[in-house]
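Colleague: For the sequence shown, full-length UniProt numbering gives the first residue as 1, with consecutive numbering after it. C-beta atoms are modelled at their ideal positions from N, C-alpha and C, and glycine is treated no differently. Quantities reported herein were computed from a predicted structural model and do not represent experimental measurements.
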Amino acid sequence: MSEDHDVVRQVDHYACMVDILGRGGRVVEAEKLISEMPMEPDSVIWSALLGSCRKHGETQLAELAAAKLMELEPEDSLGYVQMSNIYCSSGSFNKAGLIRKEMKGSRVRKEPGLSWIEIENQVHEFASGGKRHPQREAICSKLEGLIGQLKEMGYVPETSLALRDTEEEHKEEELFNHSEKLALVFAIMNLGSFRYEGSVIRIMKNIRICVDCHNFMKLASDLLRKEIVVRDSNRFHHFKDRTCSCNDYW
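(1) What are the start and end residues of the alpha helix (DSSP H) that includes R136?
(2) Buried or exposed, going by whether 16 or more other CB atoms sit within 10 Å of the CB of S128?
(3) Just the Cα atoms here: how many angstroms apart are R23 and L33?
(4) Compute the beta-carbon to beta-carbon distance between R150 and L219, rounded to the nearest angstrom, for a pair I have assumed lies under 8 angstroms.
(5) Span of the beta strand (DSSP E) holding H214?
(6) Under a three-way DSSP split, which group does E230 fall into?
(7) Applying the 10 Å Cβ sphere with the 16-neighbour rule, what's the burial state of R109?
(8) With a cut-off of 8 angstroms, do at least 3 Cβ pairs link the stretch 179-189 to the stretch 130-146?
(9) Please report the residue range of the beta strand (DSSP E) in which L114 lies.
(10) Could you round the C-beta distance between S47 and L78 to whole angstroms and report it? I think they count as a contact, below 8 angstroms.
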């Protein structure tokens, strides 16, 4: 690049290449590129590699990326949470438990999931667990009905992502109370605000959307015949007709 285009390689260029290789499933090549960098890789690069490993099930490389991320950002929960989710997805609940124990021992706190939605010029906040909103009971009742409809369309809760090795029904309950689901249900309860053609349901979220909520939103967009936009900590997700603008990579 520097020889042909007179562009000096910067860490951002390597981050882009790691992300591109990871998207293509070439995570081993991505790690090799990182090892050959003339400068020290930053947390963005290790985060990109970790995300690719999560997507493609590369647990061993994920452990390396998570360790590097924890070293560079010791107070950030991302490496711990991502690694715990990877272990849970593969059924390694003991390892997931050790990661959570290490996280607690390091006094690193997972940022609580919060979502916001604006209805008629008023912003409503939802926390995972749904205990903050005054219409909690009505929201939970509506959510139960929506889950039933989506299950008929093929929705299968990603219970492997539940952080605790508990009964299946409790894992589902944990997933169903994620803040973006509650925000979506509240929007459905106020569909009069989205009655005009082309209206979009917009939800803001402070942390990364999980796989289960991502699948949930795709199916909900089809059921409601509405575009749903979720802005999480990584990017904008535009859900429409069972698809997402991120092509299921985030």
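Modeller: Per the coordinate set shown:
(1) Here residue 136 refers to the residue found at position 136 when the sequence shown is read from its first residue. It spans 136-152 - the alpha helix (DSSP H) in which R136 sits, taken as one unbroken run.
(2) Within the sequence shown, the letter at position 128 stands for residue 128. The residue is buried, with at least 16 neighbouring Cβ atoms inside 10 Å.
(3) The residue labelled residue 23 in the question sits at position 23 within the sequence shown. The residue labelled residue 33 in the question sits at position 33 within the sequence shown. Spanning the two alpha carbons is a distance of roughly 15 angstroms.
(4) Indexing the sequence shown from 1 puts residue 150 at position 150. Indexing the sequence shown from 1 puts residue 219 at position 219. One detail in the question is off: residue 150 reads as Leu in this sequence, not Arg. Rounded, the Cβ-Cβ distance is 5 angstroms, consistent with contact.
(5) In the sequence shown, counting from the first residue as 1, residue 214 sits at position 214. Note, H214: premise wrong, no beta strand (DSSP E); alpha helix (DSSP H) at 211-224.
(6) Taking the sequence shown and counting its residues from 1, one reaches residue 230 at position 230. Reading off the sequence shown, one finds Val at residue 230, where the question assumed Glu. Correct three-state label for V230: strand.
(7) What you label residue 109 is simply residue 109 of the sequence shown in a count that begins at 1. Classification for R109: exposed.
(8) yes
(9) Taking the first residue of the sequence shown as 1, we reach residue 114 at position 114. Counting along the chain, the unbroken beta strand (DSSP E) around L114 starts and ends at 114-119.
(10) As a working note, residue 47 is residue 47 in the sequence shown. As a working note, residue 78 is residue 78 in the sequence shown. S47 to L78, Cβ: 7 angstroms. Contact.
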